[in-house]
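Colleague: For the record, the sequence lines run as chains A and B. Count the first sequence with the working numbering and you get residues 70 to 228, in order. Count the second sequence with the working numbering and you get residues 22 to 287, in order.
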Amino acid sequence: MKLSTKHSVLAVALTLILAGLGGVALAQDKEAVLKNRETLMKGQAKDLGSIKAYTEGKADMAQAETSAANLTQSTKKISEVFPPGSAATSSDGKYGTKPAIWSDWNKFLDAQKNAASKADALLVAVKSGDKEKVSVAFSDLGKNGCGACHETFRETLKN
Amino acid sequence: MTRGAYLAAAAGCDQCHTDIKNSGRPYAGGRALETPFGTIFTPNITPDRATGIGRWRLADLERALRWGSAPDSSHYLPAFPFPFYNGLTDTDLVDLKAFLDGLPAVFRINIAAAPSIFSTVWTRAAITIVAECFPGPWQPDPIKDPAWNRGAYLVNTVGRCGDCHTPRHWLGALELKRQLAGSPAGPGGKAFPNITPDSETGIGNWSEDDIMNLLKDGQTPDFDFVGGAMAEIVKNTTRLVDADRRAIAVYLRSLPAVRSEQRAAR
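1. For the alpha helix (DSSP H) containing Tyr97 (chain B), list its first residue and its last residue.
2. Taking the alpha carbon of Leu54 (chain B) as the point to measure from, which residue in B:Thr39, B:Asp265 and B:Ile66 has its own alpha carbon closest?
3. Just checking: is the beta-carbon of Lys237 (chain B) within a distance shorter than 9 Å of some beta-carbon in chain A?
4. How many angstroms separate the CA atom of Gly50 (chain B) from the CA atom of Leu210 (chain A)?
5. Going along chain A, which residues have a C-beta under 9 Å from Asp93 (chain B)?
6. Are Asp184 (chain B) and Ala114 (chain A) touching if we call contact CB-CB under 9 Å?
7. Tell me the rounded alpha-carbon separation between Ala91 (chain B) and Asn131 (chain B).
8. Let me see if you follow: with CB-CB separation under 9 Å, is Leu162 (chain A) close to chain B or not?
9. Is Gly154 (chain A) close to chain B, meaning its C-beta is less than 9 Å from at least one C-beta of that chain?
10. Measure how close the beta-carbons of Ser281 (chain B) and Ala206 (chain B) come, nearest whole angstrom, since I'm counting them as under 8 Å.
11. Tell me whether Leu178 (chain A) sits in a helix, a strand or coil according to DSSP, three-state version.
12. When the distance is taken between beta carbons, is Gly165 (chain A) closer than 9 Å to Glu220 (chain A)?
13. Could you have a look at Ala26 (chain B) and say whether DSSP puts it in helix, strand or coil?
14. Taking Leu206 (chain A) and Ala194 (chain A) to be in contact with their CB atoms under 8 Å, please state how far apart those CB atoms are, rounded to whole angstroms.
15. Return no unless some Cβ of chain B is closer than 9 Å to the Cβ of Phe222 (chain A).
16. Out of A:Ala188, A:Ser172, A:Thr158 and A:Lys111, which one is the CA nearest neighbour of Thr144 (chain A)?
17. Just the chain A side, please: which residues come within less than 8 Å of Ser270 (chain B) by C-beta, in chain order?
18. Tell me which residues of the region 205-220 of chain A have at least one Cβ-Cβ distance to chain B shorter than 7 Å, keeping chain order.
19. Using a Cβ-Cβ distance under 9 Å, would Thr166 (chain A) count as near chain B?
20. Would you call the CB atoms of Arg52 (chain B) and Ile66 (chain B) closer than 9 Å?
21. Is Glu149 (chain A) near Asn105 (chain A), with beta carbons less than 9 Å apart?
22. Along chain B, in chain order, which residues have C-beta atoms closer than 8 Å to that of Ala114 (chain A)?
23. Measuring straight from C-alpha to C-alpha, what distance separates Thr63 (chain B) and Gln181 (chain A)?
24. Does the region 187-202 of chain B come into contact with the region 214-228 of chain B, if we say contact requires no fewer than three beta-carbon pairs (one atom in each stretch) closer than 8 Å?
25. Quick one, which of B:Met233, B:Tyr27 and B:Tyr272 has its alpha-carbon nearest Asp116 (chain B)'s?
26. For the alpha helix (DSSP H) containing Tyr48 (chain B), name the first residue and the last one.
27. Contact between the region 118-129 of chain B and the region 94-109 of chain B is defined here as three or more beta-carbon pairs at a separation below 8 Å; is this criterion met?
28. Gly73 (chain B) to Arg129 (chain B), Cα distance in whole Å?
29. With DSSP as the reference, label Ile130 (chain B) as helix, strand or coil.
30. Any idea what DSSP makes of Arg106 (chain A), helix, strand or coil?
31. For Lys121 (chain A) and chain B, any beta-carbon pair shorter than 9 Å?
32. Shortest alpha-carbon distance to Lys146 (chain A) belongs to which of A:Lys167, A:Leu117 and A:Ala185?
33. Taking C-beta pairs closer than 7 Å, name the residues in chain B that Lys200 (chain A) reaches, listed in chain order.
34. When you compare each of B:Ser95, B:Ala30, B:Asp93 and B:Leu114 to Tyr48 (chain B) by their alpha carbons, which one comes out closest?
35. Chain C partners of Gly118 (chain A), CB-CB under 7 Å?
36. Return the CA-CA distance between Leu273 (chain B) and Lys211 (chain B), expressed in angstroms with no decimal places.
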């Protein structure tokens, strides 16, 4: 009897410790996921910025081409930085994730594909060297790619 | 595009008066709106004579837009931004009437608001309406240049920016001294940013081009693309001609800078 009580106490203690560790691991995971998410998004903003600068004559074409190529890759990785259970508020407290990301996962993937195809179109436009075309493709990716996805899946906590 | 069509696009009449989510016909109403007065369903404004506004004369449209008053003298809730449309010019009313008359008529019966919203809500709405200032048809300021005047009209009347960006006092009416200085609790209970040119808390360090980019593509100066309440407004401002977006920027940058808790994006 005594031994078995001891065992069960031990078992309970072990379970609690493991659960605690799991919680810590999960929290660290969440932090890492949020960091990856923000790095990806900020990288995209930077790439978009250099393409805009190109259309305004403030940056050269080579830079714009690199950025557009980056965007064709990074837009395809968006869903990777939103794994299930990674609901979070952005570090500046302005934005949150809408549950629809995960409850409507296929629609979220569609939104990503939509953005990725617009990024492909932007790269084609940049390569053509026609700034008029670049401006149109830029607006299309920004407004109908990034913006449309933000409207459906990003919670604006502070406008 | 006719002048009336452009005006309707700029104001975004179709955004509210179309049940976009359920693939409703344009301007046939039925969109559910969460308002401080409860959930309401927007009315059909196509020229259908039975269910739309096909029987309205110009005077009826004028009373509705400028005073929020229906032909049967019942009053609209201020979820319909008539306190702003009060400033519409006579010419614009005529153009808008011509545009609405030319829309395809759609038979769609309006959905009445839930009866429960009619008691306290109407009292609250009535107080707000009475407290609101109705400036009357907008008059250009002859001292200012045409771009500024156009911008003032687009911001204060057609675009009704103050509906979200100007705080309201305890009666629910706009605090005009803090015009566009951001609201801690705008529509949906969320905070809306200060868009006066205060360099600390407003958009004082946004250039004219920065403002124009936001209005055209929803792009902020740090290359984010808005997705919140402003995304819906961008659907209207993206349809403007560049000169009108510039006019809005000129006007906003001329406003008195107001310090506010409601910080803008930096």
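Every residue, glycine too, gets a C-beta built ideally from N, C-alpha and C.
Modeller: Considering the structure as presented:
1. It is not in any alpha helix (DSSP H) - Tyr97 (chain B) carries neither H nor E in the DSSP assignment.
2. B:Thr39
3. yes
4. 30 Å
5. Under the 9 Å cutoff, chain A gives no residues; its nearest Cβ is about 36 Å from Asp93 (chain B).
6. no
7. 14 Å
8. In the sequence as displayed, the identity of residue 162 (chain A) is Gly instead of Leu. No, Gly162 (chain A) does not count as interfacial toward chain B.
9. no
10. Contact doesn't hold; Cβ gap of about 13 Å is too wide.
11. helix
12. no
13. helix
14. As written in the sequence, residue 206 (chain A) is Ala, which differs from the Leu given in the question. Correct: roughly 4 Å between the Cβ atoms.
15. yes
16. A:Ala188
17. Reading the sequence as shown, one finds Ala at residue 270 (chain B) and not Ser. Per Cβ cutoff of 8 Å: no residues; Ala270 (chain B) is ~16 Å from chain A at best.
18. Ser208, Gly211, Lys212, Cys215, Gly216, His219 and Glu220
19. no
20. no
21. yes
22. Asp243, Phe244 and Asp245
23. 32 Å
24. yes
25. B:Tyr27
26. Counting along the chain, Tyr48 (chain B) falls outside any alpha helix (DSSP H), and DSSP gives it neither H nor E.
27. no
28. 7 Å
29. coil
30. helix
31. yes
32. A:Ala185
33. The contacting residues do not exist; Lys200 (chain A) stays about 15 Å from chain B at best.
34. B:Ala30
35. Looking at the structure shown, chain C is missing, and the protein chains on hand are A and B.
36. 22 Å
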